[in-house]
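J.: My numbering puts the first residue of the sequence shown at 27, with every later residue one more than the last.
Where a beta carbon is used, it is the ideal one built from N, C-alpha and C, also for glycine.
All values reported here derive from a predicted model rather than from experimental measurement.
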Amino acid sequence: MSGSTKAMGVLTVGTLVVVTAYTAALGSNGWLWFGWVVLGVVTLGVVASRGS
């Protein structure tokens, strides 16, 4: 796994933590979760493309 791929994975996990904390403190925001899902799919795409 290259440095940029690892950084993107860390960013995705960090964003999950932030979105979860926001949801617990202030209530759910669908756009935040949608954005996190998009980021997760992009991260998985990058990991898959680097692996092959």
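Trp57 and Val45: beta carbons closer than 7 Å?
T.: Working through the sequence shown from its first residue, we reach residue 57 at position 31. Working through the sequence shown from its first residue, we reach residue 45 at position 19. Contact flag unset, no.
J.: Between Leu65 and Thr38, which are expected to be in contact by the criterion C-beta below 8 Å, what is the C-beta distance as a whole number of angstroms?
T.: Walking along the sequence shown from the start, residue 65 turns up at place 39. Walking along the sequence shown from the start, residue 38 turns up at place 12. Sure, about 5 Å apart at Cβ, within 8 Å.
J.: Just confirm the distance between the C-beta atoms of Gly40 and Thr69, as a whole number of angstroms; I'd bet it's less than 8 Å.
T.: What you label residue 40 is simply residue 14 of the sequence shown in a count that begins at 1. What you label residue 69 is simply residue 43 of the sequence shown in a count that begins at 1. Actually they do not touch by this definition, with Cβ atoms about 12 Å apart.
J.: For Gly53, does the three-state DSSP call read helix, strand or coil?
T.: Taking the sequence shown and counting its residues from 1, the one referred to as residue 53 is at position 27. Three-state DSSP puts Gly53 in coil, outside helix and strand.
J.: Grab me the residues of Ser54's own chain with a C-beta within less than 8 Å of its C-beta, minus the 5 sequence neighbours each way, in chain order.
T.: To locate residue 54, count along the sequence shown from 1; it is residue 28. Nothing meets the Cβ criterion.
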